[in-house]
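Q: Before we start, here is the structure in question, set down as structure tokens.
Have a look at this one:
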């Protein structure tokens with residue numbers, strides 16, 4: 543592993559942003575001094591971004607280009623880039639330039655204070671209302687999955703030590719969260735406040751639905767909290783049922799009459815049926831994850847790459863290769 547920094551950028555339908563992204567990244571990394579590389583992972587956008595990435599890789603030897611066979615998602619594309627990194631420090635940043643590359647030195651300075659992972663937390667997120675709500679929900683779920691106090695400060699703008707990837711070297715599930723995987727290798731997390739700009743070019747493809755699906759994948763893929771919640775719900779309704787039983791039997795013994803009316807019985811049956819279905823639904827989510835993993839479905843499939851040595855390509859894609 544070489545001294546220096548690897549910048550990983552997942553690219554999805556961001557052709558308009560690429561020229562400015564490349565210019566600002568190279569200016570920032572050159573100002574830092576030392577060796578660096580930029581890995582651009584095209585995540586199946588099919589909007590012409592790959593052709594532009596190829597031209598950048600041919601004109602600049604520090605740019606490495608990877609094309610995935612289809613759209614796998616941001617975290618899957620990041621995992622591919624992480625496995626291809628050759629420098630001792632990894633920087634991840636989105637392609638939309640809402641996190642300015644000029645803030646990278648802040649994160650690196652904090653990393654040198656003895657931390658292994660540093661997040662750039664936006665001072666003020668510039669998303670829509672629904673997107674912000676979905677982001678809050680996702681971070682609350684992430685906090686339970688990560689078990690780290692900085693979980694609510696995570697962002698796609700992060701810096702971490704490349705050696706941490708050893709902790710999840712054998713991870714191949716298609717359902718993944720880079721932030722959770724990082725907790726497998728360290729507990730030394732930190733966050734710094736960074737500027738967050740409004741998106742100028744292109745449109746965001748990270749919808750509310752995608753964020754909520756990501757939250758569901760995290761909570762069922764990396765946490766047993768839903769199973770515990772189902773147990774608590776079952777215990778609570780069992781306790782409620784015992785209270786109802788005591789009430790019915792006690793009323794019969796003391797007053798000699800039963801509880802009048804069908805609606806009361808129907809409501810009690812509906813409550814218990816709902817609790818049972820809820821528990822079954824939670825267990826079904828876990829079974830679905832187990833079924834998916836048993837099929838050995840890959841986290842990503844790399845179609846082609848430019849600027850990477852053969853050994854690096856092999857380690858980047860341990861499962862399958864296309865072409």
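Numbering (the numbering used here), first residue to last: 543 to 865.
No residue lacks a Cβ here, since even glycine has one placed at the ideal position from N, Cα and C.
For residue 868, which three-state DSSP category applies?
A: The requested residue 868 does not occur in the structure, where the chain is confined to residues 543 to 865.
Q: Express the C-alpha separation of residue 557 and residue 590 in angstroms, rounding to a whole number.
A: Roughly 7 Å separates the two Cα atoms.
Q: Since residue 662 sits in a beta bridge, which residues does DSSP pair it with?
A: DSSP output for residue 662 lists 734 as bridge partner(s).
Q: Out of 570, 543, 581, which one is the CA nearest neighbour of residue 550?
A: With distances taken between Cα atoms, residue 550 lies closest to 581.
Q: Checking the sheet assignment: what are the DSSP bridge partners for residue 617?
A: Answer is none; residue 617 lacks a bridge partner.
Q: So residue 596 is in the alpha helix (DSSP H); what residue range does that whole segment cover?
A: It spans 591-601 - the alpha helix (DSSP H) in which residue 596 sits, taken as one unbroken run.
Q: Out of curiosity, what's the CA-to-CA distance linking residue 824 and residue 647?
A: Looking at the two C-alpha atoms, the distance is approximately 43 Å.
Q: Measure the C-alpha to C-alpha separation of residue 874 and residue 726 and round it to an integer number of angstroms.
A: In the structure displayed, the chain extends from 543 to 865; residue 874 sits before or after that span and is not available.
Q: Taking C-beta to C-beta, are residue 848 and residue 611 nearer than 8 Å?
A: Not a contact, by the Cβ cut-off of 8 Å.
Q: So for residue 772, helix, strand or coil by DSSP?
A: Residue state, collapsed to three classes: helix.
Q: Can you list, in chain order, the residues of its chain with a C-beta nearer than 7 Å to that of residue 695? Leave out the 5 residues immediately preceding and following it.
A: Around residue 695: 661, 663, 733.
Q: When you compare only the Cα positions, how much space is there between residue 709 and residue 583?
A: Taking the straight line from one Cα to the other gives about 22 Å.
Q: If you pair each beta-carbon of the segment 570-577 with each one of the segment 640-654, do three or more pairs fall below 8 Å?
A: Flag = yes, the segment 570-577 and the segment 640-654 touch.
Q: From this set, 595, 699, 793, 585, which residue's C-alpha is nearest residue 622's C-alpha?
A: Checking every option, the nearest Cα to that of residue 622 belongs to 585.
Q: Under a Cβ-count criterion, where at least 16 other Cβ atoms within 10 Å of its own Cβ denotes burial, should residue 548 be classed as buried or exposed?
A: So residue 548 ends up on the buried side.
Q: Mind reading off the beta-carbon distance from residue 701 to residue 633? Whole number of angstroms is fine, and I expect it under 8 Å.
A: Between residue 633 and residue 701 the Cβ distance is about 5 Å, and since that is below 8 Å, they are a contact.
Q: Kindly indicate which residue of 618, 578, 698, 620 has the alpha-carbon position closest to the one of residue 602.
A: Nearest C-alpha to residue 602: 578.
Q: Taking residue 565 as the reference, give the member of 774, 851, 639, 655 with the closest Cα.
A: The residue with the shortest Cα to Cα distance from residue 565 is 639.
Q: Just reading off the alpha helix (DSSP H) that residue 571 is part of, what are its end residues?
A: Segment 560-574, the alpha helix (DSSP H) holding residue 571.
Q: Going by C-alpha to C-alpha distance, which of 599, 553, 716 sits closest to residue 843?
A: Of 599, 553, 716, the residue nearest in Cα terms is 716.
Q: Quick one: grab the DSSP three-state call for residue 578.
A: DSSP places residue 578 in strand when its eight states are reduced to three.
Q: Can you grab the Cα-Cα spacing for the pair residue 777 / residue 815, in whole Å?
A: Rounded to the nearest angstrom, the two C-alpha atoms are 14 Å apart.
Q: Should residue 625 and residue 703 be called a contact, given that it needs their Cβ atoms to be closer than 8 Å?
A: For residue 625 and residue 703, no; Cβs fall outside 8 Å.
Q: Taking a contact to mean a Cβ-Cβ separation below 8 Å, would you say residue 779 touches residue 811 in this structure?
A: Their beta carbons are not under 8 Å apart, which means residue 779 does not touch residue 811 by this criterion.
Q: Please determine, among 731, 619, 600, 608, the residue with the shortest C-alpha to C-alpha distance to residue 654.
A: Looking at the Cα atoms, 731 is the closest of the given residues.
Q: Could you give the first and the last residue of the continuous beta strand (DSSP E) run that contains residue 847?
A: Counting along the chain, the beta strand (DSSP E) containing residue 847 begins and ends at 844-848.
Q: Is the CB-CB distance between residue 552 and residue 616 below 8 Å?
A: Yes, these two residues count as a Cβ contact at 8 Å.
Q: Taking the continuous beta strand (DSSP E) assigned at residue 722, which residues delimit it?
A: Note, residue 722: premise wrong, no beta strand (DSSP E); alpha helix (DSSP H) at 720-725.
Q: CA-CA distance, residue 575 and residue 563?
A: Residue 575 and residue 563: Cα-Cα distance of roughly 19 Å.
Q: Between which residues of its own chain and residue 629 is the CB-CB distance below 8 Å, once the five residues before and five after are set aside?
A: So the list reads 543, 544, 545, 546, 547, 548, 577, 578, 579, 704, once near-sequence residues are dropped.
Q: Starting from residue 642, trace the alpha helix (DSSP H) in both directions and tell me its first and last residue.
A: Counting along the chain, residue 642 falls outside any alpha helix (DSSP H), and DSSP gives it neither H nor E.
Q: Measuring CA to CA, which of 719, 729, 713, 699 is closest to residue 737?
A: Of the candidates 719, 729, 713, 699, the one whose C-alpha sits nearest the C-alpha of residue 737 is 699.
Q: My output table needs one value for residue 586: the three-state DSSP class, helix, strand or coil.
A: Coil.
Q: Could you tell me the distance, in whole angstroms, from the CA atom of residue 775 to the CA atom of residue 614?
A: C-alpha separation (whole angstroms): 35 Å.
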